[in-house]
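In this note's numbering, the protein residues as written are 2 to 256.
Below you'll find the structure, written out as structure tokens, and then a few comments.
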Amino acid sequence: MSVPAHPFAALAVSFMLAAPAAAHFQQIIPSADVLPDGGEVTLDLVFTHPFDGGPVMDMAPPVAVGVLKRGEKTDLTGALSEARQGDAMAYGLTHDLNEPGAAVFYIEPAPYWEPAEGKYIIHYAKVVVDSFASGEGWDESVGFPVEILPLSQPTGLWTGNLFTGIVTKGGAPVPFAEIEIEFINDQGIEAPNDAYITQVLKADANGTFSYAMPFSGWWGFAALVEGDTPMMAPDGTEVPVEEGALIWVNAKPAE
Ligand SMILES: [Cu+2]
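Right, dumping it as structure tokens:
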């Protein structure tokens, strides 16, 4: 559970006291998760609170942004454009998918110093876009230090389906890992209380978890694991690093 601090402090504090459960999520959201005829996809990279739709946190230039296709990574940092949201920096990029197969887009953001929690946050985030609806390659690993490996094909999920994945660290499952789940609430859904804003699961003894998505739209799964190496806070003290393994999946309604 996160109690974030923000640049516009006073406003943020009153907001967060009202909604302490909202967690930070690194979003990487494509214009479409399946491109039936291939073509261009646009991605929005925003560090925010998905269910509440904000406040948006400032992103420093990412450490790595790229796409994994057929086992090959392509660096896309040169394709990034700035897409400021109010006081906070966010990014966007457009990429052409002209061949069939899954493209796993990923970001390693710069470490984010969170004074309210006394730690750095690094959310390694990814999303699968399937070009020409191939059904191939969606289970490829980016090779992040911490990563959710999907057991469900992320690009073929109905609303109400289970999404199942394995939380890994250094390629090995993380037993009983904690997973925070948020929905990009573009439908104005009211949460009965804060526990419904960020839903929390634990993986089983094999690092596996499942979640049934009740609404149509984008769902973020964030497995949070403490990093092995502390970092230096701005005041010179050693502080822990929260490493998040994030995957975004889209649930589609029957209509
Ligand atoms: Cu925040």
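Backbone N, C-alpha and C fix where the C-beta goes; we use that ideal spot for every residue, glycine too.
Taking all protein chains shown into account, decide if residue i is buried (16 or more other Cβ within 10 angstroms of its Cβ) or exposed.
i: ALA22; result: A caution first: ALA22 carries a pLDDT of 45, below 50, which makes its placement in the model unreliable, though a value can still be read off. Buried, since its Cβ has 16 or more Cβ neighbours within 10 Å.
i: PHE177; result: exposed
i: MET58; result: buried
i: GLU191; result: exposed
i: VAL64; result: exposed
i: ASP236; result: exposed
i: THR156; result: buried
i: GLN188; result: exposed
i: LYS125; result: Inspection of the sequence shows that residue 125 is occupied by Tyr rather than by Lys. By the 10 Å Cβ count, TYR125 comes out buried.
i: ASP131; result: buried
i: MET60; result: buried
i: ALA24; result: buried
i: TRP249; result: buried
Do residue i and ligand 1 come close, with the Cβ less than 8 Å from some heavy atom?
i: HIS50; result: yes
i: PRO56; result: yes
i: HIS124; result: no
i: HIS25; result: yes
State the CB to CB distance for the pair residue i and residue j, rounded to an integer number of angstroms; the pair is presumed to be in contact (CB under 8 Å).
i: LEU158; j: ALA252; result: 5 Å
i: ILE96; j: ALA80; result: The question names Ile, but residue 96 is His in the sequence shown. Indeed they touch by this definition, with Cβ atoms about 6 Å apart.
i: ILE258; j: LEU202; result: This structure leaves residue 258 out entirely; the chain is present only between 2 and 256.
i: PRO62; j: LEU44; result: Actually they are not in contact, since the Cβ atoms of PRO62 and LEU44 sit about 16 Å apart, beyond 8 Å.
i: VAL226; j: MET232; result: Incorrect: roughly 15 Å between the Cβ atoms, too far for contact.
In chain order, which alpha helix (DSSP H) runs of at least 4 residues are fully inside the stretch 96-164?
If only complete runs of 4 or more residues are kept, the stretch 96-164 shows no alpha helix (DSSP H) anywhere.
- Which parts of the stretch 14-101 are runs of the beta strand (DSSP E), unbroken and 3 residues or longer, counting only runs that do not cross its ends? Taking only runs of at least 3 residues, the beta strand (DSSP E) segments lying wholly in the stretch 14-101 are 26-31, 40-49, 65-70, 73-76 and 92-98.
Closer than 8 Å is the cut-off here; do at least three beta carbon pairs connect the stretch 110-123 with the stretch 207-218?
Output reads no: the stretch 207-218 does not touch the stretch 110-123.
Taking 8 Å as the cut-off, does the stretch 70-78 touch the stretch 45-53 (at least 3 CB pairs, one atom from each stretch)? Using a C-beta cut-off of 8 Å, the stretch 45-53 makes no contact with the stretch 70-78, since fewer than three inter-stretch Cβ pairs fall below that distance.
inquiry  = If we require 4 or more residues per run, which alpha helix (DSSP H) segments fall completely within the stretch 174-221?
reply    = Taken in chain order, the complete alpha helix (DSSP H) segments of 4 or more residues contained in the stretch 174-221 number zero; there are none.
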